[in-house]
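Student:
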Amino acid sequence: MHVFVTVADLRGFAPAARKLRLSPSAVTRLIAALEEHLGARLLQRTTRQVGLTDVGTRYLERARRILADVEEADGSAREERNRPSGRLVVSAPVGFGRLHVGPVMTAYLKRYPEVAGELRLSDHLVNLVEDAVDAAVRIGHLADSSLVARQVGEMRRITVATPGYLKRHGEPKTPEALLAHQTIAFGPSASWRFVQDGREIEVAPTPRFTSNSADAALQYAEAGGGVTRVLAYQAAEGLKRGRLKIVLAKYEQPALPIHIVYPTSRLLSAKVRAFVDLVVETAEWRFG
156 MHVFVTVADL RGFAPAARKL RLSPSAVTRL IAALEEHLGA RLLQRTTRQV GLTDVGTRYL
216 ERARRILADV EEADGSAREE RNRPSGRLVV SAPVGFGRLH VGPVMTAYLK RYPEVAGELR
276 LSDHLVNLVE DAVDAAVRIG HLADSSLVAR QVGEMRRITV ATPGYLKRHG EPKTPEALLA
336 HQTIAFGPSA SWRFVQDGRE IEVAPTPRFT SNSADAALQY AEAGGGVTRV LAYQAAEGLK
396 RGRLKIVLAK YEQPALPIHI VYPTSRLLSA KVRAFVDLVV ETAEWRFG
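In structure tokens:
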């Protein structure tokens, strides 16, 4: 279509070929293919010049409008890639998203007023492509996938109890000692894993209280209910205020990585690139 408009404007195949940097035969083939596709002759060819048929005249007007729309769409897409705009959807775990991703989203939207943001909080892994999510924050080791991942922090898994509980029951010195303590289970696994001299130790205490909520588990622990095992950010406030104390620190597993994942790095949009850069620039996501 672009070749046809150029030939019509310059009234010749040879000048159109020079402008488009194509061979005259290539221009001829493209026009012939277009006419065959339409089932109509668009150009009248004479030995001296090329003119438009009645069909060609009407088609030229529409073709100009179509090509202008294509050029506008291309320019808009290029501009969006170079300048953050449009809608940004980010997924994150519920607690971590509320405490740590939400403030970054707030700063991001203040910095980039042409972006509309959505923060989806869920402790279940979402499918970024199927759920139309631009980027997700994930804690832990990633399964093999086609997603691009950038590590932006790390997270300890810690064992805590109140100083009062530890004073009454004694502080466990080894993972096995937990079997004699009141424990609080958070999460799907019944086993607690530790490491000693590179060897994994697994214990399965019988919990006094179980919850799928870290907040509920920590609330019970802070009431003196026993020992629980959570991610470091979840207990950060209790540790800071002295309501909780870490135990068995030397037996902890290596810290878990925190990643931002997104579907592809090829032609990454400006809005996603700017969000990742802002996390790296401002977030203190090293809970070690």
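In the numbering used here, the protein residues as written are 156 to 443.
We put the beta carbon where it would ideally sit given N, CA and C, even for glycine.
#1: What residue from A425, Y214 and L411 has the CA that sits closest to R441's CA?
#2: Going by DSSP, what residue range makes up the beta strand (DSSP E) through Y267?
#3: Could you pull out every residue in the same chain whose Cβ sits closer than 7 Å to the Cβ of G319, ignoring the five residues on either side in sequence?
#4: On the premise that G393 lies in contact with L373, defined as a C-beta separation below 8 Å, what is that separation, rounded to the nearest angstrom?
#5: Pull the bridge partners of W440 from the DSSP assignment, please.
#6: Please say whether T208 and R196 have beta carbons closer to each other than 7 Å?
#7: Among A163, D224, R233 and R242, which one has its Cα closest to the Cα of R213?
#8: Is it right to say G211 is buried, meaning 16 or more other beta carbons lie within 10 angstroms of its own, or is it exposed?
#9: How do the stretch 309–317 and the stretch 270–285 stand: do at least 3 beta-carbon pairs fall below 8 Å, yes or no?
#10: Does the Cβ of H279 have 16 or more other Cβ atoms within 10 Å, making it buried, or fewer, making it exposed?
#11: Does the distance from the C-beta atom of L276 to that of V259 stay below 7 Å?
#12: In the DSSP assignment, find the alpha helix (DSSP H) that holds K322 and state where it starts and stops.
#13: Can you find the residues in the same chain that come closer than 8 Å, C-beta to C-beta, to L433, ignoring five residues on each side of it along the sequence?
#14: For P360, count neighbouring Cβ atoms within 10 angstroms of its own Cβ and tell me buried if that reaches 16, exposed if not.
#15: Relative to the C-alpha of R363, which residue among I356, A345, V307 and V350 is closest?
#16: Name the two residues that bound the continuous beta strand (DSSP E) containing K400.
#17: Tell whether a beta-carbon distance below 7 Å holds between V244 and V292.
#18: Can you give, in chain order, each stretch of the beta strand (DSSP E) that sits fully within the stretch 359–390 and has at least 3 residues?
#19: If you run the structure through DSSP and keep just helix, strand and coil, what is G308?
#20: Just to confirm the assignment, what range does the beta strand (DSSP E) spanning A163 have?
#21: Three Cβ pairs or more, each shorter than 8 Å: is that satisfied between the stretch 324–334 and the stretch 401–417?
#22: Since I401 and I313 should fall inside the 8 Å C-beta cutoff, what is the C-beta to C-beta distance between them, to a whole number of angstroms?
#23: How is the beta strand (DSSP E) around A340 delimited, first residue to last?
#24: In the stretch 161–200, which residue ranges form an unbroken beta strand (DSSP E) of at least 3 residues, counting only runs that do not cross its ends?
#25: Rounding to the nearest angstrom, what Cα-Cα distance links A438 and I413 in this structure?
#26: Exposed or buried, what is S201 when buried is set at 16 or more other beta-carbons lying within 10 Å of its beta-carbon?
#27: May I ask which residues mark the beginning and end of the beta strand (DSSP E) holding A290?
Tutor: By the coordinates alone:
#1: Per the Cα distances, L411.
#2: Y267 -> no beta strand (DSSP E), and no H or E assigned at all.
#3: These residues qualify, in order along the chain: G379.
#4: 6 Å between Cβ atoms; contact.
#5: Residue pairing for W440: DSSP places it in no beta bridge.
#6: Yes, the Cβ-Cβ distance between R196 and T208 is below 7 Å.
#7: Cα-wise, what sits closest to R213 is A163.
#8: Buried, because 16 or more other Cβ atoms sit within 10 Å of the Cβ of G211.
#9: Contact fails: fewer than three Cβ-Cβ distances are below 8 Å.
#10: H279 should be labelled exposed.
#11: Not in contact: L276 and V259 (Cβ atoms no closer than 7 Å).
#12: Going by DSSP, K322 is part of the alpha helix (DSSP H) stretching over P318 to H324.
#13: Annotation for L433: V259, A262, Y263 and R266 place their beta carbon closer than 8 Å to its own, counting only its chain and skipping 5 residues before and after.
#14: Counting the other CB atoms within 10 Å of its CB gives P360 a total of 16 or more, which places it among the buried residues.
#15: The option with the nearest alpha carbon to R363 is A345.
#16: Taken as a continuous stretch (DSSP letters only), the beta strand (DSSP E) holding K400 covers K400 to V402.
#17: In this structure, V292 does not lie closer than 7 Å to V244 by Cβ.
#18: If only complete runs of 3 or more residues are kept, the stretch 359–390 shows the beta strand (DSSP E) at 364–366 and 382–386, in order along the chain.
#19: DSSP, read as helix, strand or coil, puts G308 in strand.
#20: Note, A163: premise wrong, no beta strand (DSSP E); alpha helix (DSSP H) at H157 to L165.
#21: Two segments are said to touch when three or more pairs of C-beta atoms, one from each, lie closer than 8 Å; by this definition the stretch 324–334 touches the stretch 401–417.
#22: Right, their Cβ atoms sit about 5 Å apart.
#23: Note, A340: beta strand (DSSP E), T338 to F341.
#24: Entirely contained in the stretch 161–200, the beta strand (DSSP E) runs reaching 3 residues are, in chain order, 198–200.
#25: A438 and I413: Cα-Cα distance of roughly 12 Å.
#26: Correcting the residue identity first, residue 201 is Thr in this sequence and not Ser. With fewer than 16 other Cβ atoms within 10 Å, it is exposed.
#27: A290 to I294 is the extent of the beta strand (DSSP E) around A290.
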